[in-house]
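Here is the structure we will look at, set down as structure tokens.
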Amino acid sequence: MNLSKGLFLGYFDNKMTQEELCASIGVKDTEFEHFLLTEIVKAYKQEDAEMIEYLIFTVFLAEEELNISSFVDILNKLILCKWHNKHEDIALLLQKIRASESIEYLYKAIFLNPAYLEWDDNYAFEKKCIHAIAKCGKQEAVDKLKLLTTNKNEIIRLCAKQQLQKVQHSN
5 MNLSKGLFLG YFDNKMTQEE LCASIGVKDT EFEHFLLTEI VKAYKQEDAE
55 MIEYLIFTVF LAEEELNISS FVDILNKLIL CKWHNKHEDI ALLLQKIRAS
105 ESIEYLYKAI FLNPAYLEWD DNYAFEKKCI HAIAKCGKQE AVDKLKLLTT
155 NKNEIIRLCA KQQLQKVQHS N
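Start counting the sequence shown at 5; every next residue gets the next number (our numbering).
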């Protein structure tokens, strides 16, 4: 198994196909999930934004081979870190996982305001976090959505109201 930056750079420079990348990184290996998780934790501890970018890409790439729920703890930590640029992708992964332990992290992430997203007056990241909170479907999620319906930002407020209605009608 190989998760080197050079391998990813080769892929992104169109020097190999997606199938070749998957074979090179060992997606089908029985230990791949554990290896990938270990590498994400290592990149987190080193605050290696470039490697986090490649590893989050790998989670999406290998999603069918992984139990992505095993990544919830590290993804919860990463969504609150300002030193990388993968917040939207992490929010999408947490939405797929639907873990109640992510609700508080997602809620806090709405107020993170990473510098690289300052231009986004559509609040796409914040909306993804709200959608992910709603997908958790627990009372804690409802409580957080209710809090967000009073947010001073109209876009966040309206998105929270919409998601709250969906959650309440699905119960």
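Glycine included, C-beta positions come from ideal geometry on N, C-alpha and C.
| Item | Value |
| --- | --- |
| Could you tell me the alpha carbon to alpha carbon distance between M20 and Q166, rounded to whole angstroms? | 43 Å |
| In this structure, how does DSSP classify L149 when only helix, strand and coil are distinguished? | helix |
| Using the Cβ count rule (16 or more neighbours within 10 Å means buried), how would you classify Y111? | buried |
| Can you tell me which of the three DSSP states Y120 falls into? | helix |
| Measuring only the C-alpha atoms, how far is Q22 from Y15? | 7 Å |
| Are the segment 159-173 and the segment 116-124 in contact at 8 Å, needing three or more beta carbon pairs? | no |
| Can you name the start and end residues of the alpha helix (DSSP H) that E130 belongs to? | A128 to C140 |
| Does the beta-carbon of E51 have 16 or more other beta-carbons within 10 angstroms, so that it is buried, or is it exposed? | exposed |
| I'd like the span of the alpha helix (DSSP H) that includes A95, first residue to last. | H91 to I101 |
| May I ask you to report which of helix, strand or coil DSSP gives N80? | helix |
| From which residue to which residue does the alpha helix (DSSP H) around M55 run? | A53 to L65 |
| Given N89, which residues of its chain have a CB within under 8 Å of its CB, disregarding the five upstream and five downstream residues? | A53, E57, P118 and Y120 |
| Of the choices E24, K150, A164 and A145, whose alpha-carbon is the least far from that of R102? | A145 |
| Starting from V45, follow the alpha helix (DSSP H) in both directions and report where the run begins and ends. | F36 to Q50 |
| Would you call the segment 31-43 and the segment 60-68 in contact, with 3 or more CB pairs under 8 Å? | yes |
| Let me check understanding here. Comparing Cα to Cα, which of L79, Y48, K148 and W87 lies closest to A95? | L79 |
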